[in-house]
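Novice:
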Amino acid sequence: MRRISTGSPFEAALGYSRAVVKGPWCFVSGTTGYDYAAMTMPDGAAEQAGNAFATIFATLAEAGFAPADIVRVQYTVTDPALVEEIAPVVGEALKEVRPAATMVVAGLIRPEMKVEIEVTAFRG
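Read in order, the letters of the sequence shown are residues 30 to 153 in our numbering.
See below:
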């Protein structure tokens, strides 16, 4: 088993890995829209979703996976009204992949967080 970290202070503080690779599987933790280089969060949900996918795709690449390997995605949004805002971003990010998907509405751990994206990838 291999654990991957982005170096985010959240990973260390909360005791988790950005991703865990086990055999042909890669499990990527829920990822919010932080720009980890600047430790800033954009205001817009679409920008947050774009940042989340950038982090996810970089993590998958480090693990030896590609976006095309994604088989499942879960989106968490803090308000159902945000779906319209993020739809173009998520549609573009996964338009060729078309994984199984779930979207839930729930609170996130910080008020500025509007979107969290979690994926599972399979290489086989």
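A virtual CB, placed ideally from N, CA and C, is assigned to each residue, including glycine.
Answer yes or no: do V144 and A78 have a C-beta to C-beta separation smaller than 8 Å?
Specialist: Position 115 of the sequence shown holds residue 144. Position 49 of the sequence shown holds residue 78. Their beta carbons are under 8 Å apart, which means V144 touches A78 by this criterion.
Novice: Hey, how far is the Cα of I138 from the Cα of G44?
Specialist: As a first step, residue 138 is located in the sequence shown; it is residue number 109 there, counting from the start. As a first step, residue 44 is located in the sequence shown; it is residue number 15 there, counting from the start. If I take the Cα positions, the gap works out to 15 Å.
Novice: Please list the segments of the alpha helix (DSSP H) lying wholly inside the segment 104–145, counting only runs of 4 or more residues, in order along the chain.
Specialist: Complete alpha helix (DSSP H) runs here, min 4: 111–122.
Novice: Spatial neighbours of M132 within its chain, please: CB distance less than 8 Å, with the 5 preceding and 5 following residues excluded, ordered by chain position.
Specialist: Residue numbering aside, residue 132 sits at position 103 when the sequence shown is read from its first letter. So the qualifying residues of the chain are Q103, Y104, T105, V106, V112.
Novice: Below 8 Å between beta carbons: does that hold for E125 and M70?
Specialist: Taking the first residue of the sequence shown as position 1, residue 125 is located at position 96. Taking the first residue of the sequence shown as position 1, residue 70 is located at position 41. No; because the gap between Cβ atoms is not below 8 Å, this pair is not in contact.
Novice: Return helix, strand or coil for D72, following the three-state DSSP convention.
Specialist: Taking the sequence shown and counting its residues from 1, one reaches residue 72 at position 43. If DSSP states are grouped into helix, strand and coil, D72 belongs with coil.
Novice: Considering only the alpha carbon of each residue, which of S34, P96, A122 lies closest to A150?
Specialist: Within the sequence shown, numbered from 1, the residue matching residue 150 stands at position 121. Comparing Cα positions, the closest option is P96.
Novice: Return the bridge partner residues of I33 from the DSSP annotation.
Specialist: What you label residue 33 is simply residue 4 of the sequence shown in a count that begins at 1. I33 pairs with A48.
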